[in-house]
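Data block below; observations after.
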Amino acid sequence: MIELRTPTEIEAMRPAGRFVAEVLATLRDETKVGTNLLALDRRAHDLIRRAGAVSCYIDYHPSFGASPFGKVICTSVNDAVLHGLPHDYVLRDGDLVSLDFAASVDGWVADSAVSFVVGTARDEDLAIIDTTERALDAAIHAATVGHRIGDISHAIAEVARSGGYEINTDFGGHGVGRIMHGDPHIPNDGKPGRGYPLRSGLVVALEPWLLETTDELITDPDGWTLRSADGSRGSHSEHTIAITDDGPLVLTDRSWLGVS
Numbered sequence: 152m153i154e155l156r157t158p159t160e161i162e163a164m165r166p167a168g169r170f171v172a173e174v175l176a177t178l179r180d181e182t183k184v185g186t187n188l189l190a191l192d193r194r195a196h197d198l199i200r201r202a203g204a205v206s207c208y209i210d211y212h213p214s215f216g217a218s219p220f221g222k223v224i225c226t227s228v229n230d231a232v233l234h235g236l237p238h239d240y241v242l243r244d245g246d247l248v249s250l251d252f253a254a255s256v257d258g259w260v261a262d263s264a265v266s267f268v269v270g271t272a273r274d275e276d277l278a279i280i281d282t283t284e285r286a287l288d289a290a291i292h293a294a295t296v297g298h299r300i301g302d303i304s305h306a307i308a309e310v311a312r313s314g315g316y317e318i319n320t321d322f323g324g325h326g327v328g329r330i331m332h333g334d335p336h337i338p339n340d341g342k343p344g345r346g347y348p349l350r351s352g353l354v355v356a357l358e359p360w361l362l363e364t365t366d367e368l369i370t371d372p373d374g375w376t377l378r379s380a381d382g383s384r385g386s387h388s389e390h391t392i393a394i395t396d397d398g399p400l401v402l403t404d405r406s407w408l409g410v411s
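When you line the sequence shown up against the numbering used here, it's residues 152 to 411, in that order.
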């Protein structure tokens, strides 16, 4: 069921958005060559505890997951692009890292993701990160009253295809509110003018993700981590936004923290 939020409810969601933004900014700043993925998960867990927030991941067990996730952040590295289950891996120079984090504050959820390179960056990695970030910006600009979900999907796809990337529509954006994943589903490709009409009060997570040379995914033996079928690298960008009569409101905006 698609739910619309009142202006008062959207205001009540701001603390969750700020918290998720702060955690991702902190972890991005602290993630270096030599950082262990399990240490990132412990740090995120500590930040959740200090804030009195609630993890959306640790007990999360959808139909596509082999078991409850068991950690509080997704850490996807290089050819892993989504749902990366933190494990005992020490980051190396040039690794492409995607951090995806969702939490509940006072019963309201926010969800966001960022991709970056630790150490020496390849041009190809910078290009795919830039493309997902520009696709996310295009999606946000399309998320206005009077448009439809297809307009958001089309905006993402236009940017992705202009960069020469293929698009997988199995995983995409989604509704956010009292739970992390709700209706509507927002695929990363679609036809403009089609789909559910965007209305004031709709709160969604928009999340373009791309793989360098394929659109096919395979699942790790851990039952969670999704990797490219050909070993090429991936990038993932995500924000939670509220659609309002005054335009899209980015609840997980990190710019006020001095980071993108």
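The beta-carbon is built from N, C-alpha and C at its ideal position, and this holds for glycine as well.
Just so we're clear, the structure is a prediction, and the values are computed from it rather than from any experiment.
According to the DSSP assignment, residue 170 belongs to the alpha helix (DSSP H) that extends over 158-181.
In this structure, the alpha-carbon of residue 177 lies about 12 Å from that of residue 252. The continuous beta strand (DSSP E) containing residue 231 extends over residues 231-233. In terms of Cα proximity to residue 195, the closest of 171, 213, 211, 319 is 171.
Considering only 175, 311, 152, 168, the residue with the shortest C-alpha distance to residue 400 is 168. In the structure shown, the three-state DSSP call for residue 381 is coil. Between the C-alpha atoms of residue 375 and residue 206 there is a straight-line separation of about 17 Å. Residue 375 carries a coil assignment under DSSP once its states are collapsed to helix, strand and coil. Straight through space, the alpha carbons of residue 289 and residue 340 are spaced by roughly 12 Å. In this structure, residue 361 sits away from residue 303, with a CB-CB distance that is not shorter than 8 Å. 186 is the residue among 186, 256, 164, 217 whose C-alpha sits nearest the C-alpha of residue 247. Rounded to whole angstroms, the gap between the alpha carbons of residue 255 and residue 330 is 8 Å. Counting along the chain, residue 282 sits inside the alpha helix (DSSP H) bounded by residues 274-293.
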